[in-house]
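Data block below; observations after.
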Amino acid sequence: MRNKEILTNDQKKAARYAKAMGHPIRMYILETLSKQSCCYSGDLSEELPIAKSTLSQHLKELKNAGLIQGEIEAPKIKYCLNKKNWEEAKGLFSGMFKL
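Under my numbering, the first residue of the sequence shown carries the number 19, and numbering increases by one thereafter.
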């Protein structure tokens, strides 16, 4: 017997966004990006007490979830919030949790 799919696409999307936000460093990155239009990875690297490779992994997780977007401006990468996906995430979370 097959397991019945009980999760909706909206629940899966919300879970992906929540997972990406599930680390304090990623929350710091998101908060930093929300306060300015964009930020270079080198600037974040100077602010955070973590290895550049660790920062790169956090940025990759946020980008894969669609919460941020990166644009190459050789030799740097500029990161910004993906506002379209943020609006979607806000709508998903507020629709799911009617408090």
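C-beta atoms are modelled at their ideal positions from N, C-alpha and C, and glycine is treated no differently.
Rounded Cβ spacing between residue i and residue j (contact assumed at less than 8 Å)
i: E79; j: R44; result: 7 Å
Residue i in three-state terms, based on DSSP
i: K96; result: strand
i: E91; result: strand
i: I141; result: Because residue 141 is not part of the residues shown, which for the chain are 19 to 117, the question remains open.
Nearest candidate by alpha-carbon position, reference residue i, set the options
i: Y58; options: Y35, A83 and P93; result: P93
i: I47; options: K30, A36, K37 and E65; result: E65
Through-space distance from residue j to residue i, alpha-carbon basis
i: S112; j: K101; result: 16 Å
i: W104; j: H41; result: 17 Å
i: A69; j: K22; result: 43 Å
Burial state of residue i, where buried means 16 or more other Cβ atoms lie within 10 Å
i: L25; result: exposed
i: A83; result: buried
i: A32; result: buried
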